[in-house]
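Residue numbers (the working numbering): 11 to 286.
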């Protein structure tokens with residue numbers, strides 16, 4: 011499918027599955043209620059063990075429901091891969107299991123760039139530059155205290171030391187930004203592989219997931235994902251502006267986010283269908 015065909019089909023998909031969308035929206039309310047209940051139970055427990063336990067139970071319940079919703083998102087992606095016009099039925103156990111798998115995929119694809127960023131930070135000497143400034147502050151404070159115990163310590167750090175720290179941080183930040191963007195695209199392929207096969211090992215095969223991008227077409231993958239993100243940001247921005255101007259319609263925001271999730275997952279599924 012062409013990019014605009016994918017966008018058009020994915021955008022109308024939620025409106026064609028209102029019942030499933032309504033269930034998904036209801037589950038977001040359930041999570042919110044459980045979270046609020048957990049916070050209140052813990053905040054007003056006053057060392058009441060029963061309330062603390064209740065709060066923990068509510069938090070765990072909200073986490074379980076969140077996993078079910080994550081797993082259902084994979085089902086929506088799978089419907090796109092299979093060109094199924096209908097959103098999948100909620101399968102609480104299977105969706106929960108898929109939610110756990112998706113959580114693992116998200117963690118792995120986050121940890122890899124995080125580790126590389128940490129290595130870059132060490133190579134760029136961020137810890138060393140930071141410690142050098144701390145040591146100079148400490149040395150200046152001690153020197154001032156010895157010279158005049160009543161004087162206010164005025165630590166002085168050279169411009170070169172600050173420049174070294176800022177340069178190290180800037181290099182690390184740039185590398186981190188590039189890495190997380192790249193792995194964000196690869197993770198989308200990993201999620202699609204999980205939705206398509208149900209195999210966690212297949213989804214965590216980072217090299218093969220990366221190869222899926224040129225298999226589909228680098229330009230197509232980049233353009234589609236960026237376009238989906240831009241559409242989501244623009245719609246959320248418009249809704250946010252309208253709700254600020256007219257608070258009475260704030261309920262729209264509760265519907266928009268799930269709608270965009272359906273739209274996004276469907277679009278990524280249709281994109282991956284090229285090679286499924």
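Don't be surprised by glycine CBs; every beta carbon is placed ideally from N, CA and C.
Query raised in the report: Rounded to the nearest angstrom, how far is the Cβ of residue 242 from that of residue 274, given a contact under 8 Å?
Result: If you number the chain shown from 1, residue 242 lands on position 232. If you number the chain shown from 1, residue 274 lands on position 264. In this structure, residue 242 and residue 274 form a Cβ contact; the two beta carbons are roughly 7 Å apart against a cut-off of 8 Å.
**Report entry** Distance, residue 79 Cα to residue 106 Cα
**Finding:** Looking up residue 106 in the chain shown gives position 96. Looking up residue 79 in the chain shown gives position 69. Here the C-alpha atom of residue 106 lies approximately 8 Å from the C-alpha atom of residue 79.
**Report entry** Straight-line Cα distance separating residue 270 from residue 255
**Finding:** Taking the first residue of the chain shown as position 1, residue 255 is located at position 245. Taking the first residue of the chain shown as position 1, residue 270 is located at position 260. Distance from the CA atom of residue 255 to the CA atom of residue 270, rounded to whole angstroms, is 22 Å.
Query raised in the report: In its own chain, which residues sit with a C-beta less than 7 Å from the C-beta of residue 262, not counting the 5 before and 5 after it?
Result: Working through the chain shown from its first residue, we reach residue 262 at position 252. Cβ-Cβ distances below 7 Å link residue 262 to 249, 253 in the same chain, with the five nearest sequence neighbours on each side left out; the list follows chain order.
Query raised in the report: Is it the case that the Cβ atoms of residue 201 and residue 213 are separated by a distance below 8 Å?
Result: Numbered from 1 along the chain shown, position 191 holds the residue referred to as residue 201. Numbered from 1 along the chain shown, position 203 holds the residue referred to as residue 213. Cβ atoms of residue 201 and residue 213: closer than 8 Å.
Query raised in the report: Can you tell which of 97, 182, 279, 48 has the C-alpha that lies nearest to the C-alpha of residue 34?
Result: Your numbering for residue 34 matches position 24 in the chain shown. The candidate whose alpha carbon is nearest that of residue 34 is 97.
Query raised in the report: DSSP state of residue 287, grouped into three classes?
Result: Any property of residue 287 remains undetermined from this structure, which presents the chain solely from 11 to 286.
Query - Residue interval of the alpha helix (DSSP H) (run including residue 91) - result: Here residue 91 refers to the residue found at position 81 of the chain shown. It spans 59-91 - the alpha helix (DSSP H) in which residue 91 sits, taken as one unbroken run.
Requested in this report: Name the residue from 91, 178, 74 whose alpha carbon lies nearest to the alpha carbon of residue 207.
Outcome: Residue 207 sits at position 197 when you count from the first residue of the chain shown. When only C-alpha atoms are compared, the closest one is 91.
**Report entry** Own chain partners of residue 284 with C-beta closer than 7 Å, once the 5 adjacent residues on each side are dropped
**Finding:** Within the chain shown, residue 284 is the residue found at index 274, counting from 1. Listed in chain order, the non-local C-beta contacts of residue 284 below 7 Å within the same chain comprise 226, local neighbours out to five positions each way being set aside.
Report task. Determine contact between the segment 28-45 and the segment 109-117, defined as no fewer than three beta-carbon pairs at a distance below 8 Å. Result -> No, the segment 28-45 is not in contact with the segment 109-117.
Requested in this report: Could you check which residue in 257, 247, 279 has the C-alpha nearest to that of residue 267?
Outcome: The residue you call residue 267 lines up with position 257 of the chain shown. Answer by Cα proximity: 247.
**Report entry** Host alpha helix (DSSP H) of residue 283 (start-end)
**Finding:** Translated into positions along the chain shown, residue 283 becomes position 273. Residue 283 -> no alpha helix (DSSP H), and no H or E assigned at all.
Report task. Evaluate the contact criterion for the segment 177-189 versus the segment 135-142: three or more CB pairs, one atom per stretch, below 8 Å. Result -> With the cut-off at 8 Å, the segment 177-189 and the segment 135-142 touch.
Query - Collapsed DSSP secondary structure at residue 56 in the structure displayed - result: What you label residue 56 is simply residue 46 of the chain shown in a count that begins at 1. Assignment of residue 56 by DSSP, reduced to helix, strand and coil, places it in the coil class.
**Report entry** For residue 101, the three-state DSSP class (helix, strand or coil)
**Finding:** Residue 101 sits at position 91 when you count from the first residue of the chain shown. If DSSP states are grouped into helix, strand and coil, residue 101 belongs with coil.
**Report entry** residue 89 burial status per 10 Å Cβ neighbour count (16 or more: buried)
**Finding:** Along the chain shown, one-based indexing puts residue 89 at 79. The residue in question, residue 89, is buried, as its Cβ has 16 or more Cβ neighbours within 10 Å.
Query - Cα-Cα separation, residue 196 to residue 223 - result: The residue you call residue 196 lines up with position 186 of the chain shown. The residue you call residue 223 lines up with position 213 of the chain shown. Roughly 7 Å between the two C-alpha positions.
Query - Distance CB(residue 189)-CB(residue 16) smaller than 8 Å - result: Position 179 of the chain shown holds residue 189. Position 6 of the chain shown holds residue 16. Not in contact: residue 189 and residue 16 (Cβ atoms no closer than 8 Å).
**Report entry** Check whether residue 13 and residue 234 have beta carbons under 8 Å apart
**Finding:** Counting from 1 along the chain shown, the entry for residue 13 is found at position 3. Counting from 1 along the chain shown, the entry for residue 234 is found at position 224. Pairing residue 13 with residue 234 gives a Cβ-Cβ distance under 8 Å.
Query raised in the report: With DSSP run on the structure shown, which of helix, strand or coil describes residue 164?
Result: Your numbering for residue 164 matches position 154 in the chain shown. Note that residue 164 has pLDDT 47, beneath the 50 cutoff, so the model's placement of it is unreliable and the number below is only indicative. Annotated three-state conformation of residue 164 is coil, per DSSP.
Requested in this report: Using three-state DSSP, classify residue 134 as helix, strand or coil.
Outcome: Here the question's residue 134 lines up with position 124 in the chain shown. In the three-state scheme derived from DSSP, where H, G and I count as helix and E and B as strand, residue 134 is classed as coil.
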